[in-house]
Amino acid sequence: MDRRDFLKKSAALAALSSVAKLVPSLSAAPAPAATAPDAPVDIAVVRNGGIQEMFDALMKTLGGMEKFVRKGQTVLVKPNIAWNQPPEMGANTNPELVAAIIRSCKAAGAKEVYVFDTTCNFWGDTYRTSKIAEYARNAGAVVVGGDSDKDAEYLAENYSEVTVPGAKVLKTMVNHNLVRNCDVFINVPVLKVHGGAKLTCCMKNLMGTVSKKYHRYFHSHGLNQCIAECCSFRKPDLNIVDAYRVIISRGPRGVDQSDVKLLRYMMGGTDMVALDTAGARLLNVPLRSIGHIAAAKALGLGTTDLKSLNIKRIDLKS
Numbered sequence: 077m078d079r080r081d082f083l084k085k086s087a088a089l090a091a092l093s094s095v096a097k098l099v100p101s102l103s104a105a106p107a108p109a110a111t112a113p114d115a116p117v118d119i120a121v122v123r124n125g126g127i128q129e130m131f132d133a134l135m136k137t138l139g140g141m142e143k144f145v146r147k148g149q150t151v152l153v154k155p156n157i158a159w160n161q162p163p164e165m166g167a168n169t170n171p172e173l174v175a176a177i178i179r180s181c182k183a184a185g186a187k188e189v190y191v192f193d194t195t196c197n198f199w200g201d202t203y204r205t206s207k208i209a210e211y212a213r214n215a216g217a218v219v220v221g222g223d224s225d226k227d228a229e230y231l232a233e234n235y236s237e238v239t240v241p242g243a244k245v246l247k248t249m250v251n252h253n254l255v256r257n258c259d260v261f262i263n264v265p266v267l268k269v270h271g272g273a274k275l276t277c278c279m280k281n282l283m284g285t286v287s288k289k290y291h292r293y294f295h296s297h298g299l300n301q302c303i304a305e306c307c308s309f310r311k312p313d314l315n316i317v318d319a320y321r322v323i324i325s326r327g328p329r330g331v332d333q334s335d336v337k338l339l340r341y342m343m344g345g346t347d348m349v350a351l352d353t354a355g356a357r358l359l360n361v362p363l364r365s366i367g368h369i370a371a372a373k374a375l376g377l378g379t380t381d382l383k384s385l386n387i388k389r390i391d392l393k394s
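This note's numbering runs 76 ahead of the 1-based position in the sequence shown.
Written out as structure tokens, the structure reads:
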């Protein structure tokens, strides 16, 4: 083993140790004493089960999909499908979770369920390699292409320039029409570390609703502020965080299996800021290092005070 390999493996082991120490603290932390037993759940945290099992427990805790989707409505399910990586690398949302959400929306009476992402790698590759397109179609969704930068006709037909009210930096953006036109917007990020933004979770995932041109704009005009202002345009009606298999180093794409940790977690709720805060805690990423969380809090998009929320924790092995 040469020095480079030794340092690489040592860093990966250190990251795994940090996550292992932190995971029990998130699940075991007591709920606020003042919370009434029948109070609505702000965040549900489920761990130690299979994808379908955890999803069922999560939705039951949040009040069921019928709470969010009514008969005859159209639904946009927005996973992370950015990278040409297979599911075991944790770079994209777990395809089993995407399928479970689609089936649940259909069971609740959704008229149509759409799935798309503005991807980093070519969408034809990422949709296939991630298995999300296959699982989504089999579950009954309409899978919509997302690499707008390489298809001017598709961009013109499916994306429109919009104004972001109250924005200081991202005053306009070219946003996918589905975000505005769907009745219900469900955000389904995968949790992982990110080299630039430090954390990918609910808010960072919404960069995938804008055109490639604006991905570049975000990075050159203050990434964190742009992420927060993008999220202010239309907040998702529901966020379901895939923390089953996560990248703990060299994100957002990951390089090899040493970057990946099997956590078997899932989280859900309506507050993106709170869920991103919980995700940061789960991965031991200092909150002060994640600029878009602070920016979103300043915009009034949510809270970082997890103690003020009713958090329901479920361990399926207990």
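Virtual Cβ for every residue (Gly too), placed ideally from N, Cα, C.
- For ASN386 and ILE119, the gap between their C-alpha atoms comes out near 7 Å.
- In the DSSP annotation of this structure, the continuous segment of the alpha helix (DSSP H) that includes ASN300 starts and ends at 299 to 307.
- Within the region 182 to 207, complete beta strand (DSSP E) segments of at least 3 residues are found at 188 to 191, given in chain order.
- Within its own chain, the residues whose Cβ lies closer than 7 Å to the Cβ of TRP199, once the five positions on either side in sequence are excluded, are GLY221, GLY222, ASP223, listed in chain order.
- Take the alpha-carbon of ARG357 and the one of SER394: they are about 22 Å apart.
- Taking a C-beta distance under 8 Å as the contact criterion, THR194 and LYS268 do not qualify as a contact pair.
- Where ILE127 is concerned, the enclosing alpha helix (DSSP H) starts and stops at 127 to 138.
- Counting only the Cα atoms, GLY367 lies some 5 Å from ASN300.
- For GLY345, the uninterrupted beta strand (DSSP E) run begins and ends at 336 to 345, by DSSP.
- Going by C-alpha positions, CYS181 is about 27 Å away from LEU231.
- When DSSP states are grouped into helix, strand and coil, ASP352 belongs to the helix group.
- Cβ contact annotation for THR276 (same chain, cutoff 8 Å, sequence separation greater than five): ASN156, PRO265, VAL266, LEU267, LYS268, VAL269, HIS270, GLY327, PRO328, in chain order.
- By DSSP's assignment, GLU229 forms no beta bridge with any residue.
- DSSP places VAL255 in the helix class (H, G or I) of the three-state scheme.
- Taking the Cβ atoms as the reference, ARG292 lies roughly 24 Å from PHE261, outside the contact range of under 8 Å.
- Judged by pairs of C-beta atoms under 8 Å, the region 127 to 144 does not touch the region 363 to 378, as fewer than three such pairs exist.
- The distance from the Cβ of LEU363 to that of THR346 is about 20 Å, inconsistent with a contact at the 8 Å cut-off.
- DSSP, read as helix, strand or coil, puts THR239 in strand.
- The beta-carbon separation of LEU392 and ASN124, rounded to 5 Å, stays under the 8 Å limit for a contact.
- DSSP, read as helix, strand or coil, puts ILE157 in coil.
- Taking the C-beta atoms as reference points, ASN160 is found nearer than 8 Å to ASP201.
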